[in-house]
Amino acid sequence: EAGVTQSPTHLIKTRGQQVTLRCSPISGHTSVYWYQQALGLGLQFLLWYDEGEERNRGNFPPRFSGRQFPNYSSELNVNALELEDSALYLCASSKGQLISYNEQFFGPGTRLTVL
Amino acid sequence: RKEVEQDPGPFNVPEGATVAFNCTYSNSASQSFFWYRQDCRKEPKLLMSVYSSGNEDGRFTAQLNRASQYISLLIRDSKLSDSATYLCVVNTNAGKSTFGDGTTLTVKP
Chain C
15 EAGVTQSPTH LIKTRGQQVT LRCSPISGHT SVYWYQQALG LGLQFLLWYD EGEERNRGNF
75 PPRFSGRQFP NYSSELNVNA LELEDSALYL CASSKGQLIS YNEQFFGPGT RLTVL
Chain F
22 RKEVEQDPGP FNVPEGATVA FNCTYSNSAS QSFFWYRQDC RKEPKLLMSV YSSGNEDGRF
82 TAQLNRASQY ISLLIRDSKL SDSATYLCVV NTNAGKSTFG DGTTLTVKP
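Protein sequence lines, in the order shown, are assigned to chains C and F.
Just so we're aligned, residue 15 is where the first sequence starts under our numbering, counting upward by one.
Just so we're aligned, residue 22 is where the second sequence starts under our numbering, counting upward by one.
Written out as structure tokens, the structure reads:
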């Protein structure tokens, strides 16, 4: 069974630019989560999508946004990039919000560098 | 105060040692609990879910104490390959997942 996939693996952008990161969940999973992990720091919850809807959002500014498509894949968009947006962006998927123990499985991440 | 707190370590132990990690959480509405391991510059991988009755998987034992709002992970007979950062994760029914900052374990020969 294929795991969570993310693209691209690495990205270099400059301040003020916009970026789109992509995630494909495990087949049969309807929930997608996005996290930011800056170097040497813990995971910070960004967004949760389930069945095409944004279900919850972490404490990030509105320039972080995303969407989930009918096939449950997802995009994370970051506008007006700032230096501190440099981080590993991780996507995870799970079987959905109605599952009480909805273990999340992570993709390999996209490493974003903002210069 | 952070919602999920872990002792950052590092824990440096010899092979064969038993090591225990604790994690406390502040949201009493938390519903599900997990331990993940993360190797350097890699994605977190699910180690085990933590159930109210406690659960064991080989050398790993996880326990949950809802009254005191903490979970624990015990690793017996440590192997070199156990060296990693161990992340405690707490979920609410609203789908919000809060990760601890992790505890670093180094197992030495």
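Using N, Cα and C, we set each Cβ at its ideal position, and we do this for glycine too.
In this text the structure is predicted, and so the values were computed from the model without any measurement.
Cβ of residue i within 8 Å of any chain C Cβ
| i | result |
| --- | --- |
| Lys67(F) | In the sequence as presented, Lys is not what sits at residue 67(F); that position holds Leu. Cβ-Cβ to chain C under 8 Å: yes for Leu67(F). |
| Ser70(F) | yes |
| Glu64(F) | yes |
| Asp28(F) | no |
Run of the beta strand (DSSP E) containing residue i, from where it starts to where it stops
| i | result |
| --- | --- |
| Ala94(C) | Premise fails: Ala94(C) is in no beta strand (DSSP E) and is neither H nor E. |
| Cys37(C) | Val33 to Ser38 |
| Asn85(C) | Premise fails: Asn85(C) is in no beta strand (DSSP E) and is neither H nor E. |
| Lys129(F) | Thr124 to Lys129 |
| Thr45(F) | Val40 to Tyr46 |
| Tyr49(C) | Ser45 to Gln51 |
| Val71(F) | Lys66 to Val71 |
Alpha carbon of residue i to alpha carbon of residue j, nearest angstrom
| i | j | result |
| --- | --- | --- |
| Asp64(C) | Val46(C) | 6 Å |
| Gln32(C) | Asn91(C) | 7 Å |
| Ala83(F) | Gly123(F) | 16 Å |
| Arg77(C) | Leu95(C) | 9 Å |
| Ser88(C) | His43(C) | 12 Å |
| Tyr103(C) | Asn76(F) | 31 Å |
Beta-carbon spacing of residue i, residue j below 8 Å
| i | j | result |
| --- | --- | --- |
| Tyr107(F) | Asn43(F) | no |
| Val128(F) | Ser118(F) | no |
| Lys66(F) | Tyr72(F) | no |
Three-state secondary structure (DSSP) of residue i
| i | result |
| --- | --- |
| Ser118(F) | strand |
| Leu129(C) | coil |
| Leu131(F) | Limits of chain F in this structure are 22 at one end and 130 at the other, which puts residue 131(F) out of reach. |
| Asn86(F) | strand |
| Thr23(C) | coil |
Chain F contact for residue i (CB, 8 Å cutoff)
| i | result |
| --- | --- |
| Gly121(C) | yes |
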